[in-house]
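In this text, residue positions in the sequence shown follow the numbering used here: the first is 4, and each later residue adds one.
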Amino acid sequence: MRHHLRRGLPQSIHAPVAAVRPMVLELAASQEGFVTAEQLLAVYGRTDAPAVLAAMQRTGELDEVLPGVWVHVVVHATGWDIDLAARAAWIALEPALPLWDRARRDRSNAEQRAVIGGGAAYQRWGFGFTPWPALVHLSDEATAPPSDADVQFTSNDLIAEEVSWFGPFPYVSVEAVLAGQFGYTVDFDEVALDTADAIHRFGSLQLDALLRHLQITATHNDWDGPLSAEAVFAELLTRVSGWHTQPDPTPSTRWVRNRAAAEAMNERMRRRRDFPASKALWDGIIEGFRGPRPDPNMHQG
């Protein structure tokens, strides 16, 4: 490893890398792979932290996701993804604060925290790819940094009970994700399938929270009539429950292909509401899900 670190590095950086690398690894291991120069400076007092992190990137050990925010390639070896970008943007809001210290503070002070949403939350909840950009919801007092193509910032219209914690990172609830995905795609078929999938995997949904977030979406888009929150809510539940055939005479190919599977999901959900069975469902999909299984005791802010 010593020879690996020396390739392409100035002689003057060898000693700092050797001294600081264990600190970087310890910090990254406690923060899902992330580390910032400010954290190294605050925790270890290393003024040469940026140079050391840059050196570790040159040896292929770290990637700089955003300026000053790094991730270890061991925990993210597959390239860019929207959830990684959102977590890095969330960290960059307070780069000097260790993530678990920030999580403990924010769990007891819901009005001040930033929360990850948008396409990043859609991915983190296990629904897969979406063109919906990542969002970071900010408190009213916070100053939003510039948005970019990957991560946008918006005001925080969430209540404490609608935030879920994945490790030290706060995400919007699955109900907020479903409503937001509909707001971005306006696709009844896709969101109905996602809703059925969520019920199947998580055992249940908070329908009042889903309706509330559909109301936020409808207000934001100035929707009424067939796209009012109540109409969308009723139509999604109708399609998920399979109470009657889809009214559209030319349903999408994906709905035709997946409707039977979606209805089967709901039937399995009705038979598997107890926690052991719910855990078994999670164990069956955990390999394809990016992130830890949510702790049912950690969902409230």
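Every residue, glycine too, gets a C-beta built ideally from N, C-alpha and C.
Task: Residue from Glu193, Ile202, Leu208 whose Cα sits closest to the Cα of Glu165 - done: Leu208
Task: Segment limits, beta strand (DSSP E) that includes Pro53 - done: Per DSSP, Pro53 belongs to no beta strand (DSSP E); it is in the alpha helix (DSSP H), 52-61.
Open item on the list: Just to confirm the assignment: which complete alpha helix (DSSP H) runs, minimum length 4, are found wholly within the region 58-131?
Closed with: Those alpha helix (DSSP H) runs which fall completely within the region 58-131 and span 4+ residues are 85-95, 102-110, 121-127.
Open item on the list: Once DSSP output is grouped into helix, strand and coil, what is the label at Val189?
Closed with: Residue state, collapsed to three classes: coil.
Open item on the list: Could you compute how far the alpha carbon of Leu181 sits from the alpha carbon of Gly131?
Closed with: 13 Å
- [ ] Kindly give me the distance between the Cβ atoms of Trp135 and Gln184, rounded to whole angstroms, as I take these residues to be in contact under 8 Å.
- [x] 6 Å
Open item on the list: Quick test of your reading: Ala52 and Leu44, contact by CB under 8 Å. State the CB separation rounded to the nearest angstrom.
Closed with: 5 Å
Task: Per DSSP, the bridge partner or partners of Phe156 - done: Paired residue(s): Val139.
Open item on the list: Could you tell me the alpha carbon to alpha carbon distance between Val194 and Ser158, rounded to whole angstroms?
Closed with: 24 Å
TODO: Compute the beta-carbon to beta-carbon distance between Ile119 and Ala89, rounded to the nearest angstrom, for a pair I have assumed lies under 8 Å.
DONE: 5 Å
- [ ] Return the residue from the list Leu56, Ala22, Pro19, Trp73 that minimises the CA-CA distance to Gln34.
- [x] Trp73
Open item on the list: Using the Cβ count rule (16 or more neighbours within 10 Å means buried), how would you classify Ser111?
Closed with: Exposed, since its Cβ has fewer than 16 Cβ neighbours within 10 Å.
- [ ] Identify every residue that forms a DSSP beta bridge with Trp168.
- [x] Pro173
TODO: Can you tell me which of the three DSSP states Thr133 falls into?
DONE: coil
Task: Met21 classed as buried or exposed, judged by whether at least 16 other C-beta atoms fall within 10 angstroms - done: The amino acid at residue 21 is misidentified as Met; the sequence shows Ala. Flag for Ala21 reads exposed.
Open item on the list: For the beta strand (DSSP E) containing Thr39, name the first residue and the last one.
Closed with: 37-39
Open item on the list: I'd like the span of the alpha helix (DSSP H) that includes Gln218, first residue to last.
Closed with: 210-224
TODO: Could you round the C-beta distance between Pro101 and Val46 to whole angstroms and report it? I think they count as a contact, below 8 Å.
DONE: 7 Å
Task: Val77 classed as buried or exposed, judged by whether at least 16 other C-beta atoms fall within 10 angstroms - done: In this structure Val77 is exposed. Its beta-carbon is surrounded by fewer than 16 other beta-carbon atoms within 10 angstroms.
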